[in-house]
Structure formats: C-alpha cells, structure tokens
Amino acid sequence: MHRVRQEGDDLTPEPPLPWSADGRSGGRGYYLRLDPVRRMLWSCVRGGPGDPGQWPDWSNDAWWHHLDSGATGRLGLGPGLVFRLAVTARHIAFTRVHPDGDELILLTAPPATGSRPEVGARLPLPAMSGAPRRGGTPWDGVQRRAVAASPGGNLVAVSRGGHGEVHVFDADKAALVSTLGVPTPLNDGGHLALVTPGDGAHADPVGR
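Residue numbers (my numbering): 1 to 208.
Encoded structure:
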C-alpha cells in the first residue's frame, strides 16, 4: 500500500506497506478503509486464479495496519468473493459469497493497542437467486451484497441483491435482529449507509 504524509502544503512519500504479513503472502488489497475507533487501516487481500470463472477458489484475507504501533497482520476469511467491509464499534464485518453458502464474518477488534483481530462469528446469509455460479464471472449479470455499519454502534446491515431485503445484525450478540423489505430489488446489492451521530466516520470518504 503506497502512502504519503502531509507536511505543511507538501506531501512527503513514505515507504509502502506490504500486503504480506503473519506468514501469508501474495494477492492484492481492495477497498482500503479507515477505522476511527482503533486507528487502524483495513482491507481485503484477494489471491488465487486469475481466471474470473474460478472465483470460488479465490483466497481472501483480512489485512490490517495499526497507525500508532505500526503493527500489520493478515487473517484468512475463506474462499470465494469478499467484496467490501464495514467498521462497527467492536467488530469488522465482511460478507463472503460462495456456491457452498454465503456468510457474514465478524472479526473481534478490541481497541486496546497490541490486541490482534480474530474471527468472532460466521453467520449464514440467505441465498440469492441470482448469485454468481461456478464457471461464470462474479461481476456481470449476477447479484451481490452490500454491507454497512457505523463505528459508533453495533449494528451491521447486509443486502440480499435482487430480493429487496436488508438483513440487520447485532454484531455484539452475533445475531440477526431484523429483516427489512424495501421497494426496490437492490440489484447488484444496492448501496447502503449506516450512520451514528458523532461516529467519526466523516474521516473515511469511501462510499458506505
């Protein structure tokens, strides 16, 4: 990951951060996110076959970097399609799409310096009728999921593309609390945002 530091009106390059960590290497990071609760950077590092038709065999790792301590790590999430991630007060949420079943993955992420994220829960998600299939690409003419959360709260929202549903989970309890129906199919997963007043998310301009 390339980075620069602002010094007055100038930007000064700093050494890039490698995606390799914790004995895990290879792949490329996607969707870098700023975590204002733990002062960490998060991404998903994807590896595996270059053929999009082999997407069920792609590897996916959660990658993180602590801005204060400089510690960096990687944690395996499982094969398939991991698209985006969302930050809650005490967890980091990923969705994983796979022909064998989709899931919401919650990483426990204590704010204490020196603590290391771990997989806290894997919660099944209802199947999408238009989900990508083996042998086809995961991008064109298929449904996906969007995920949203607020660093000021404990809720996670996950869309069910093509079905007009949003599943709301309590990350602290690792449980589904509600399923919302919306008047559009949410094709391609739609776009979700979950905001808590004063959550500090304004520092992260990435679409949420």
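Quick reminder that beta carbons are idealized off the backbone N, C-alpha and C, glycines included.
According to DSSP, simplified to helix, strand and coil, what is residue i?
i	result
P56	helix
A157	strand
A62	strand
D188	helix
A86	strand
A201	helix
V182	coil
T72	strand
S43	strand
L77	coil
L123	strand
A109	coil
D170	strand
H91	strand
R145	coil
D100	coil
R24	strand
P13	strand
A131	coil
A193	coil
V4	strand
Contact defined as beta carbons within less than 8 Å: I believe residue i pairs with residue j. What is the distance between those atoms, to the nearest angstrom?
i	j	result
R74	Y31	Actually they do not touch by this definition, with Cβ atoms about 15 Å apart.
G80	H65	24 Å between Cβ atoms; not a contact.
T95	R145	5 Å
G36	G200	Rather than Gly, the amino acid found at residue 36 in this sequence is Pro. That belief holds up - the Cβ atoms of P36 and G200 are roughly 4 Å apart, short of 8 Å.
W63	V45	5 Å
Give the single residue among the options whose Cα lies nearest to the Cα of residue i.
i	options	result
G164	N154, Q143, L176 and V177	Q143
L107	S43, T137 and G23	S43
A112	R39, I105, P138 and G101	R39
T184	A193, G162 and D61	G162
W223	L17, Q54, S20 and R24	Look at the range of the chain in this structure, 1 to 208, and you will see that residue 223 is not part of it.
L194	G130, G153 and A171	G153
P15	D9, R5 and A21	R5
P126	E103, L67, S115 and A93	E103
V82	D100, S69, D68 and N60	N60
A71	N187, S115 and S25	S115
* To do: Decide if the stretch 84–93 is in contact with the stretch 136–152; the criterion is three or more beta carbon pairs, one per stretch, under 8 Å apart.
  => These segments touch.
* To do: Spell out a yes or no on whether the stretch 129–136 and the stretch 167–178 are touching, meaning 3 or more CB-CB pairs, one atom from each, closer than 8 Å.
  => The answer is no - the stretch 167–178 does not touch the stretch 129–136, with fewer than three Cβ pairs under 8 Å.
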